[in-house]
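Below you'll find the structure, written out as structure tokens, and then a few comments.
In my numbering, the protein residues as written are 44 to 168.
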């Protein structure tokens, strides 16, 4: 069973990612370094929690269990993100971080190629 903290963090991630993508005045354009440095826009922080599901978060918000999320959802922007798969954490997070699908970034598991066909676990430290 997933912890409430994991669910909350995943929801915050989705909210922040969606808010960071909003450039409704000029769709298709990105901010220049000058615009970002001028302080015209608020900074963006991305917090990710592996395995959280919007259906659970929304139900908890509706039940009054997550008042902080309710406030974020009412005052900010949020939406459901689609994950083209596979639903494997290293693939998903590497795709998120790089903007490239697994076939391009080559991360398929918690291991990396080591000597002549062997695989080495990725260290967490």
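Ideal Cβ placement from N, Cα and C applies to all residues, glycine included.
Just so it is clear, the structure is predicted and the values come from calculations on it, not from any experiment.
Three-state secondary structure assigned by DSSP to residue i
i: residue 133; result: helix
i: residue 86; result: coil
i: residue 165; result: coil
Cβ shell of residue i (< 6 Å), same chain only, five flanking positions each side left out
i: residue 141; result: 148
i: residue 93; result: 132
i: residue 109; result: 103
i: residue 157; result: 163
Close beta carbons around residue i, own chain, < 7 Å, minus the five adjacent residues each side
i: residue 150; result: 133, 134 and 137
i: residue 44; result: Model confidence at residue 44 stands at a pLDDT of 47, short of 50, so the residue's coordinates are unreliable; what they give is reported in the following sentence. Around residue 44: no qualifying Cβ.
i: residue 165; result: 153, 154 and 155
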